[in-house]
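Going by this note's numbering, the first residue of the sequence shown is number 16, and it counts up by one from there.
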Amino acid sequence: MSTQLPAAHEEVPPPTIEEVSPGIYAYIQLDGSWFLNNAGCIVGSRSATVIDTTGTEKRARAFHAAVRQVTELPVSALINTHSHGDHTHGNFMFAPASAIIASERCRQEIIAAGNAAYALFPMVDFGDCPVTPPTVTFDDRLNVYVDDLRVELLFMGPAHTTNDIVAWIPERKLLFSGDLVFNGGTPFALGGSVGGWLDALDRLEALGAETIVPGHGPVAGPKVLAQVRRYLEWLVRAGREGFERGVPPLELAGQLDFGEFAEWHDRERIVPNLHRVYSELRGEPRGTPLDFRQMFAEMLAFNGGKPLRCLA
């Protein structure tokens with residue numbers, strides 16, 4: 016089943032809700048660039064569980080409507096894979112009826128960030144998205160059941176952020192990866208750890224997933240994990256060479272040959288990604304906070320002063 020929904024921008028296709036396994040749906044917002052994330056829904060016999068939400072009021076209402084296209088059952092639980100607003104601003108649409116489940120660190124960071132993303136993306140009409148943090152938290156792992164179907168929530172941070180989890184459904188060999196996987200877009204390690212992300216990929220590969228719903232981009236098979244790994248390994252090699260030469264990350268970013276990654280959208284993320292590599296080469300702990308305002312300013316500079324492309 017694939018249901019197409021109205022488009023918000025002519026430049027990108029409308030969202031779709033796709034049945035990726037019996038009773039399990041992926042909500043896909045292409046092209047997967049800034050704030051065009053994916054979410055999911057698992058339908059049981061008496062209730063449903065949702066995985067992530069979306070980043071604006073309009074998109075949150077559209078996702079809620081899409082869930083209602085595939086089930087009229089109550090949504091008893093909402094899982095947040097990490098704290099970023101594109102995955103959590105829409106939590107309000109399911110509160111207070113749904114238990115909102117995430118890592119403890121995710122709850123802390125949602126509360127701390129509030130709606131700070133609004134200032135970074137002034138071109139976006141975010142609407143009214145009341146901050147709605149998780150109400151159930153865990154540290155390492157937690158099982159959630161939809162009828163007898165076990166959904167394993169596994170803590171993976173620091174990687175993309177300090178608070179990443181994935182939702183692994185072993186019976187279906189199906190993985191909702193959150194933003195540990197970008198399919199066709201540039202990974203973003205500003206708030207996490209490149210070394211930690213590579214470690215997380217080791218764990219994800221060991222699961223043996225056959226279908227992966229990424230945080231951004233089309234549904235994929237396991238080969239997408241190797242694509243993300245190649246980017247991060249290239250990033251580490253380039254970053255180490257630049258660090259040893261004493262080249263600032265922004266300057267180094269302008270010197271690089273992106274090769275197979277040149278066509279991925281949001282290439283400007285290379286700048287904070289290199290800052291993250293440099294931080295780890297300096298021996299700073301994984302997930303050490305970076306100045307996000309400086310990082311966004313340098314991404315704009317990498318873009319020649321042009322604003323980030325965000326079609327949310």
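Even glycine gets a Cβ: it sits at the ideal position worked out from N, Cα and C.
Closest to residue i by C-alpha separation, out of the options, would be which residue?
i, options, result
"TYR40", "ARG297, ALA241, ARG245, PRO229", "PRO229"
"LEU93", "VAL35, VAL85, SER62", "SER62"
"VAL85", "GLU34, SER113, SER91", "GLU34"
"LEU169", "GLU124, ALA132, HIS280, LEU222", "LEU222"
"HIS231", "LEU205, ARG260, GLU248, GLY193", "GLY193"
"ASN52", "ALA134, PRO89, VAL196", "VAL196"
"GLY206", "ARG244, VAL262, TRP183, VAL292", "VAL292"
"PHE311", "GLN270, PRO264, GLU275, LEU247", "PRO264"
"ALA268", "VAL251, VAL286, HIS280", "VAL286"
"SER36", "ILE57, CYS144, PRO137", "ILE57"
How many Å lie between residue i and residue j at the Cα?
i, j, result
"ASN139", "LEU326", "Inspection of the sequence shows that residue 139 is occupied by Val rather than by Asn. One C-alpha to the other measures close to 7 Å."
"LYS238", "ILE227", "10 Å"
"MET314", "TYR42", "29 Å"
"GLU119", "HIS97", "10 Å"
"GLY257", "GLY211", "20 Å"
"ASP328", "ARG187", "The shown model of the chain, from 16 to 327, leaves out residue 328, and the question about it has no answer."
"LEU20", "THR68", "The predicted position of LEU20 is uncertain, since its pLDDT is 45 and thus under 50; no value can be drawn from it."
"VAL209", "ALA132", "22 Å"
"ASP214", "MET171", "9 Å"
"PRO322", "GLY59", "43 Å"
"GLU167", "GLY55", "15 Å"
"PRO28", "ARG255", "38 Å"
"GLY261", "VAL251", "15 Å"
"GLY320", "PRO137", "15 Å"
"THR103", "ARG297", "32 Å"
So is residue i buried or exposed if we call it buried at 16+ other beta carbons inside 10 Å?
i, result
"LEU295", "The question names Leu, but residue 295 is Glu in the sequence shown. It counts as buried."
"TYR160", "exposed"
"THR31", "buried"
"ALA253", "buried"
"ILE125", "buried"
"ARG83", "exposed"
"ARG122", "buried"
"PRO339", "Missing from the structure shown is residue 339; the chain here goes from 16 to 327 and no further."
"GLN44", "buried"
"HIS24", "exposed"
With the cut-off set at 7 Å, would you say residue i and residue j are in Cβ contact?
i, j, result
"GLU220", "LEU240", "yes"
"PHE107", "THR147", "yes"
"PHE317", "GLU266", "no"
"PRO149", "ILE180", "no"
"TYR246", "PRO202", "yes"
"ALA75", "GLY47", "no"
"TRP279", "GLY200", "yes"
"ILE66", "ALA224", "no"
"LEU271", "HIS290", "no"
In the DSSP assignment, what are the bridge partners of residue i?
i, result
"LEU271", "Partner(s): none; LEU271 has no beta bridge."
"TRP183", "GLU167, LEU190"
"PRO137", "DSSP lists no partner for PRO137."
"ILE227", "LEU190, ALA235"
"GLY55", "ALA41, ILE66"
"TYR160", "ARG165"
"ILE116", "ILE94, VAL151"
"ILE285", "BP columns for ILE285 are empty, so no partner."
"GLY200", "HIS280"
Does the distance between the C-beta of residue i and the nearest non-hydrogen atom of the ligand ZN fall short of 6 Å?
i, result
"LEU289", "By its list of ligands, the structure shown contains no ligand whatsoever, and the ligand ZN lies outside what it can speak to."
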